[in-house]
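Note sheet for the following structure.
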Amino acid sequence: MLNSIHHAAIICSDYQKSKHFYVSILGLEVIAENYREERDSFKLDLKLSNGGQIELFSFPNAPDRLSFPEALGLRHLAFNVESVESVKAHLLSRGVAVEPIRVDAYTNRKFTFFSDPDGLPLQLYEQTAI
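Under the numbering used here, think of the first position of the sequence shown as 40, with each following residue one higher.
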């Protein structure tokens with residue numbers, strides 16, 4: 040019934056800073072960028088290589104995120120990568136703090152966490168062998 044996740048929506052506090060992070064640092068491709076005057080809001084559609092998308096929104100005076108990774112609700116957004124080590128090295132070279140690499144005890148896959156400019160927890164998860 041459900042085939043895949045189409046997109047994840049993220050509300051940011053500083054649109055230009057977050058746009059730079061997701062496009063220039065994480066390398067996501069811009070599908071569309073729209074300014075909605077009636078809401079004083081940008082909406083940036085970003086493409087992942089597998090067809091999934093991230094919608095990046097800006098809203099004036101959006102409330103702060105009230106939860107952390109262990110709170111109720113969405114825990115984190117995970118990206119499937121071929122090499123956790125190489126993506127971590129790329130992020131570090133761009134000044135992004137990244138946690139030490141760990142191994143999932145159940146899948147034996149490598150993973151690590153980092154945050155976007157607003158502190159949203161993001162995860163790199165080693166690609167499953169095909």
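Every residue gets a Cβ at the ideal spot worked out from N, C-alpha and C, and that includes glycine. Every value quoted in this text rests on a predicted model; they were computed, and no experiment measured them.
- Between D84 and A71, the C-beta gap is smaller than 7 Å, which places the two residues in contact.
- Contact between the region 93-100 and the region 122-133 is not established, with fewer than three Cβ pairs separated by less than 8 Å.
- Across the structure, R133 and I64 are spaced so that their CA atoms are roughly 7 Å apart.
- Counting only the Cα atoms, R75 lies some 30 Å from V135.
- In summary, E77 is exposed, with fewer than 16 beta-carbon neighbours lying within 10 Å of its beta-carbon over all protein chains present.
- Judged by DSSP in its simplified three-state form, R141 adopts strand.
- Assignment of beta-bridge partners to E77 by DSSP yields no partner.
- Taking C-beta separations shorter than 6 Å and ignoring five residues to either side along the sequence, the partners of N73 in its chain run K82, following chain order.
- The continuous stretches of alpha helix (DSSP H) do not include S63, and DSSP gives it neither H nor E.
- Considering only A117, S125, I93 and Y164, the residue with the shortest C-alpha distance to D143 is Y164.
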